[in-house]
Every structure is written in C-alpha cells, then in structure tokens.
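Q:
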Amino acid sequence: EKGLLPELVALTLAGGIAGGFQGFVLSPTLLLKTRVMTNPVFREKMSLMRTTLLSFAIGFDVVKDEGVGALMKGSNIFALKRVFDW
C-alpha cells in the first residue's frame, strides 16, 4: 500500500519522535540517578532497604527544595539528543 511518506522516512521520523518522548520521560529518572550517585552517603555499604529509602529521600528533597520543575532540568537538550540518536 502506498503511504504519504516513503517507508524509510516514516520509520526515521517515528524513531526520532519516540526518542524525543523517551528523553522527556527518562529525564527525571536520570537526574535523580545522578543526584544519588554523587551523594557521598552512598559511598558506604548499606542494605537494599536503606539504599532505597535514602534514594527516595533525595528525590523528595529535590522536589521540596527546588520544586517539581527541577526534575525536568536539562530535559529539552536530553530529548533533542535522543531525537538525533535515532
């Protein structure tokens, strides 16, 4: 069946749009991961439960201290990068 766009163009656009969406969805998670990884409290060995609770505490602190919008810091650039990765 003949479409509006050649198949290769359609697939490339679909991949780019999906990559951009993925960038926006993953951005808050990656920001929190970076905050956890750079926090010195995680340099010591601890149980899975303690690690989980401290990780959540960092997430709640980010929202409390910087606002919900802080979770989207850098999301535009990250999403744009994901568009061009595809």
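So the mapping is simple: this note's numbering equals the position in the sequence shown, first residue as 1, plus 170.
Here a beta-carbon is modelled for each residue, glycine too, at the ideal position from N, C-alpha and C.
What is the DSSP secondary structure of residue 219, counted as helix, strand or coil?
A: If you number the sequence shown from 1, residue 219 lands on position 49. Reduced to three states, the DSSP call for residue 219 is helix.
Q: Please name the residue in 242, 253 and 251 whose C-alpha comes closest to that of residue 200.
A: Locating residue 200 in the sequence shown gives position 30, counting from the first residue. Ranking 242, 253 and 251 by Cα distance to residue 200 puts 242 first.
Q: Kindly indicate the opening and closing residues of the alpha helix (DSSP H) around residue 214.
A: Position 44 of the sequence shown, counting from 1, holds the residue named residue 214. Element bounds for residue 214: n/a, residue is neither H nor E.
Q: Which same chain residues end up closer than 7 Å to residue 194 when comparing Cβ atoms and leaving out the 5 residues on each side of it in sequence?
A: On the sequence shown, position 24 is the one that residue 194 refers to. Counting only Cβ-Cβ distances below 7 Å, and skipping sequence neighbours, we find 245 and 249.
Q: Can you tell me which of the three DSSP states residue 243 falls into?
A: By 1-based counting over the sequence shown, the position of residue 243 is 73. Correct three-state label for residue 243: coil.
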